[in-house]
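Numbers 175 to 450, taken from our numbering, label the letters of the sequence shown in order. No residue lacks a Cβ here, since even glycine has one placed at the ideal position from N, Cα and C. Please read these numbers as outputs of a predicted model, since none were measured by experiment. Working notes, beginning with the structure itself.
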Amino acid sequence: MPSHRADIGEFLRSRRARIQPHEAGLPVYGERRRVPGLRREELAQLAGVSADYYGRLEQGRLDNVSDGILEAIARVLRLTRAERDQLFELAGPERRRRVRTEQVVRPSQQWVLDALHATPAYVIGTGLDVLAWNRMACEVLFTVDLDAVPAAERNFARILLLEEGVRTRWRPWEPMARAAIGGLRMHVARHPDDPVMATLVAELTGASPEFRKWWPDHPVAAEPTAEYGFWHPDVGEFTLVLEAFSFPYLADTHLVVFTAAPDSPGRAALDALDAQ
């Protein structure tokens with residue numbers, strides 16, 4: 175896995191490439207540009223820092239970089255809130271380095287999942303490891319019995335990218351796959367030296383062509399809610415809404431629930447599957 179110093183350079187270059195000079199209010203004189211998007215010196219000018227200083231940032235030389243400078247860069251690059259948070263993580267792992275803590279699901283949390291018997295739900299932790307789940311999560315989302323999957327392989331990104339059956343369930347599959355990669359990117363930024371995630375990234379790089387294509391783009395995904403389409407051989411196509419809830423006392427851990435409005439096709443599909 176690249177160091178965080180390389181990561182921040184790749185991240186900034188990928189975001190610079192998205193912003194055209196005219197979009198940033200810079201004059202364009204028709205000259206042929208050798209790089210897509212903003213040049214380093216143009217971004218530096220707009221952010222109010224020297225080109226040399228900004229160049230050092232892209233090289234990962236982050237000593238004493240201030241929050242104000244990072245905010246200015248985020249403004250020029252028009253970063254989303256999740257991307258801004260990612261920039262701060264990448265710029266400060268030495269200051270804010272996190273250590274993976276033991277991920278243990280309490281019995282009461284499993285009781286909650288089981289009580290949601292007509293709703294796919296799971297608990298996800300550091301690095302997108304799936305820590306607990308209910309039957310409907312396996313039936314609708316994962317297409318595999320997670321009890322039969324080794325604990326080291328119960329990872330949301332791994333399942334989504336490497337389990338062929340999953341691709342037929344999510345309609346379309348790509349948005350969720352990209353979101354999973356974006357989520358993993360954010361966890362890697364928070365835990366830059368985590369050996370478990372390093373092993374996972376290496377495995378996905380070797381086994382998934384989509385991962386190899388999308389990972390260098392530094393996707394970032396942190397939406398607490400989103401709508402996704404599904405297909406199931408017993409009930410056909412339907413739509414569900416993802417809602418994610420954080421545990422304030424458990425770092426990196428969320429309860430993820432897929433639900434649907436009352437009297438909707440999605441609700442009818444879930445009720446039919448629950449009755450089987």
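Counting the other Cβ atoms within 10 Å of the Cβ of residue 382 gives 16 or more, which makes it buried. By a beta-carbon distance limit of 8 angstroms, residue 389 contacts residue 379. Their separation comes to about 7 angstroms.
Nearest to residue 282 by alpha-carbon distance, out of 417, 367, 429, is 429.
In this structure, residue 296 sits away from residue 286, with a CB-CB distance that is not shorter than 8 angstroms. When the beta-carbon positions are compared, residue 265 and residue 236 come within less than 8 angstroms of each other.
In this structure residue 435 is exposed. Its beta-carbon is surrounded by fewer than 16 other beta-carbon atoms within 10 angstroms. Taking residue 260 as reference, the option from 277, 194, 189, 400 with the minimal CA-CA separation is 189. Rounded to the nearest whole angstrom, the CA to CA distance from residue 207 to residue 244 is 26 angstroms. At a Cβ-Cβ threshold of 8 angstroms, residue 345 and residue 404 count as neighbours. Between the alpha carbons of residue 337 and residue 348 lies a distance of about 14 angstroms.
With 16 or more other Cβ atoms from the protein chains shown falling within 10 Å of its own Cβ, residue 300 counts as buried. Per DSSP, the continuous beta strand (DSSP E) segment holding residue 420 begins and ends at 410 to 420. The Cβ neighbour count for residue 353, taken over all protein chains shown within 10 Å, is at least 16; the residue is labelled buried.
In this structure, the CA atom of residue 411 is about 11 angstroms from the CA atom of residue 314. Following the DSSP letters along the chain, one finds residue 388 inside the alpha helix (DSSP H) bounded by residues 383 to 388. With the rule of 3 Cβ pairs closer than 8 angstroms, the stretch 364 to 372 does not count as touching the stretch 385 to 400.
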